[in-house]
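Heads up, the thing below is written out as structure tokens.
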């Protein structure tokens, strides 16, 4: 495993991070955040901030508080007969050496005190595969002196938050909350921490049925096994620290030692309790003593007792910890790569892991006995391990990591969609299921709920007929159930020791169940969310080009989500203020709270469409949703697009070009993939959608030569959109219409040209460069008239170029646009990186919070990593390979200087401080760790660089596979090789037989390919770059074990 090492870390710039919190599909997760201060861990717990065991604090506070309130170690020894107290991992002027090490799933600290002759090591990781959540803290002491060393120590946590104390009580009424707090010491099993009863001021009072726990043991010798010895426990801090609640140093421990502490006078209730474990030891020179502490919860007392009794056996603890270490290694094996750059190799695995944490891992649960499961394939798709991005720096987000098996957290539609974009390239068995979920959540009005929740399942009556599983039967009969709830019930019914029977029943039941997509409206309608479905569809086409007809028209199983929230028409939301027309209240909430459901037709049945039909409706609505100049899409629903910090732009009638460029993409997807070639000659759609297209046909005939003509047409189009929404607010009628595909394709092409003409108008209005955002303000007219409008482009935003670049008409136009970016004030010459926006100083604060941020920080002129990575990706999509390779050297994290970056160069950040910031010491430093959309972009970058954008393609009716790599010469190892995994199965090795960068048109290409089957078949040699049928399908299905690809100057088809 690769480690990021920071020596004398207390003297380095502060940064925060976290352990992955993945417990495997058969474990209970725990979250844990860290900083490079004190002893690292700065808050941990179960599910959310309401489940703190160690208090969660914002990074700005945690950097300071962790030294006192985080884990502590006190070593008591003597010098010249006088007691001496030494606390490792605290800043000191003494000549002490320490370092911090970060791995994929662990954090460790080492400190050497040569004057005292002791090395202290601490290692953190979380349990995996266990029936409860746990943070493992391993502590060891080594005598690094030449003489025997005797000392005693206390090690642990100054405050264990009891189960039942929520985050609000912890942070606002802690003094009051202490009245409920209790600790329950356990004989040889540490202590349990919980409140006496529920703390809410309600008529219903309940006993707290779960507990947090802390336990410490002295490890047995590796070869001996046996039962670990329990450590002495101090749970009342007042017998250590004086005066009360002042925790700088345990003076009473210094004065009296372990044996002199008043442990029999510890108070068990009505105060904040600690968990310090102590021992006395004597070490010969070079000898070590190892200890293990476990902090956790998420279970009732019987389960905690049973587990800790089992864990106390050294062999059990060792095997569980070894298995825990294998979980993240197994997940990231999908992204393993071997190049000549070790940090790059480690970065690829870390990036994949962090992408999983935000989007989920595409787990497919086998159900071999019944292949017709929730995915329609040989398994049931469950996106596990995801969570909303929230941490010490993202303190504004309320993260949730459900404490159950097969844990599925919830996240925002945009985030989860992007982070699942490439899942199909690692687990092809996912099929179209990701597309189905996200497109199903699109509403009839073209918007979608913000929050995507975990999947649930439902089993029809009789699905468990004749089965003696009482707990499972109760879970299933209750209605929808999570995979975790089902697995826990089966485990209870069948028994935890019969894992194979539990898994077999679990897979069989899921195979018979129907999947349910869950979501909630959240905070509003963002205008960009639908655009990320374009990526899902294009990636599906890159892998399954032979399944396009079935994808778009094969099944009517795409419902329409409805939350009851309604986008208001202009007459109800436009208000005249002293500053002009504003729209601040754009969305009406339902009269009664709604949990969300599926839109129905006039007969009350859930209306279901084909994918093609839903996308046609979406394209029509977005076409009708453009601004009064026909340039960008209106921010009509109260929220902006990707650039959240322009939160004020919708209020001043903002308009966005990125979504207009994506509309061009969507129309091309419909024309090129959905309707061509077409074996049917006609398609069916809802009557209401067919009416939209009939109206659009008329709008395209209207004159658009002058601004006034554009404004008049805009009014008619907006009125049409509003009338459609009013008519479909309660659902479609259920009437269907048939439309000829030739006519529909021609109409779509006319729509595309109209959108492109509008984008060209925007370019002319912005000095020949495509703008990103506009304001379109009325300047005349009365209520009875269509007003005239003023158009004002905002300064450059990188997103505008990202969306526009790959859609330019030819290579020269793409190259010219790239040159414009590099010559603009988006390019940071000091850092050789791209800022997210140009200076906003000339704009009003009305545009949003970005205007108020310090330049170079957050979303105001910083290097926003997600968008910078998006730009690198579209350079590849645009065929600008040399430009990509040049910028990648300074813009990809693994190639950055870690001293300037300020944290591990295996980890992404949300943003890098640009040279616009007034504090030069911050320039180039990364902030807000890891859970960034940039992880999705890098995975896409890596996929394109290794395999090309569309490796599978059709030649007639035959499937072909053509690798089209873009690999810099410097990335090959000493043997001139790069090794990676294709589709999560085949081991691919590129062998560079010459020299030079490899990319289409470089003169270095593929000269030959050798395939090795998975079942010992003779190797197959292919000359050139094209892998024909049937070998292409064999690779896609996972039947090929190894692929060796030779590169040289004689390389063939490029």
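Numbering (the working numbering), first residue to last: 13 to 1066.
Glycine included, C-beta positions come from ideal geometry on N, C-alpha and C.
- DSSP places residue 806 in the coil class of the three-state scheme, outside both helix and strand.
- Nearest neighbour of residue 269 by Cα position, chosen from 186, 164, 326, 359, turns out to be 164.
- Counted as a single uninterrupted DSSP element, the alpha helix (DSSP H) harbouring residue 673 occupies residues 670 to 681.
- Residue 820 sits in coil when the DSSP states are folded into three classes, being neither helix nor strand.
- Inside the region 883 to 962, DSSP marks whole beta strand (DSSP E) runs of 3 or more residues at positions 921 to 924, 938 to 941, from first to last along the chain.
- In this structure, DSSP gives residue 1044 a helical state, which the three-state scheme calls helix.
- In chain order, 975 place their CB closer than 6 Å to the CB of residue 959, counting only its own chain and leaving out the 5 sequence neighbours on each side.
- Proximity to residue 166 across 744, 100, 147 peaks at 100, based on C-alpha coordinates.
- Take residue 726, set aside five residues on each side of it, and the residues of its chain with a beta-carbon closer than 6 Å to its own are 640, in chain order.
- Take the alpha-carbon of residue 282 and the one of residue 570: they are about 55 Å apart.
- The shortest CA-to-CA distance from residue 578 to any of 454, 599, 721 is the one to 599.
- Straight through space, the alpha carbons of residue 924 and residue 781 are spaced by roughly 26 Å.
- Around the beta carbon of residue 346, 16 or more other beta carbons lie within 10 angstroms, which makes this residue buried.
- Across the structure, residue 662 and residue 650 are spaced so that their CA atoms are roughly 5 Å apart.
- Following the DSSP letters along the chain, one finds residue 108 in no beta strand (DSSP E), marked with neither H nor E.
- Excluding its 5 nearest sequence neighbours in each direction, residue 1044 has C-beta neighbours in its own chain below 6 Å: 971, 972, 973, listed in chain order.
- Going by DSSP, residue 144 is part of no beta strand (DSSP E) at all; its letter is neither H nor E.
- The beta carbon of residue 893 sits closer than 6 Å to those of 978, 1011, all from its chain and outside the five residues before and after it, given in chain order.
- Among the bridge pairs identified by DSSP, residue 125 is matched with 130.
- Taken atom to atom, the span from the alpha-carbon of residue 419 to that of residue 772 is near 48 Å.
- In the three-state scheme derived from DSSP, where H, G and I count as helix and E and B as strand, residue 18 is classed as strand.
- As the crow flies, the alpha-carbon of residue 1027 is around 49 Å from that of residue 750.
- Taking each of 51, 68, 60, 65 in turn and checking the Cα distance to residue 80, the smallest one comes out for 51.
- The C-alpha of residue 337 is placed about 29 Å away from the C-alpha of residue 1051.
- Under the DSSP assignment, residue 233 falls outside any beta strand (DSSP E); it carries neither an H nor an E label.
- When DSSP assignments are scanned along the region 351 to 383, the uninterrupted stretches of alpha helix (DSSP H) that are 4 or more residues long and fall wholly within it turn out to be 354 to 371.
- Spatial neighbours of residue 39 in its own chain (CB-CB distance under 6 Å, excluding positions within 5 residues in sequence) are listed in chain order as 140, 141, 142.
- Taking a 10 Å sphere around the C-beta of residue 521, we find 16 or more other C-beta atoms and assign the residue as buried.
- For residue 1057, the enclosing beta strand (DSSP E) has its first and last residue at 1052 to 1060.
- For residue 265, the enclosing alpha helix (DSSP H) stretches over residues 263 to 268.
- Runs of the beta strand (DSSP E) lying entirely within the region 184 to 226 and spanning at least 3 residues, in chain order: 193 to 197, 203 to 207.
- Taken in chain order, the complete beta strand (DSSP E) segments of 3 or more residues contained in the region 677 to 736 are 694 to 698.
- Straight through space, the alpha carbons of residue 60 and residue 492 are spaced by roughly 23 Å.
- The distance from the Cβ of residue 161 to that of residue 200 is about 28 Å, inconsistent with a contact at the 8 Å cut-off.
- Sorting 209, 891, 264, 151 by C-alpha distance to the C-alpha of residue 231 places 151 at the top.
- Contact annotation: residue 730 and residue 582 have beta-carbon atoms nearer than 8 Å.
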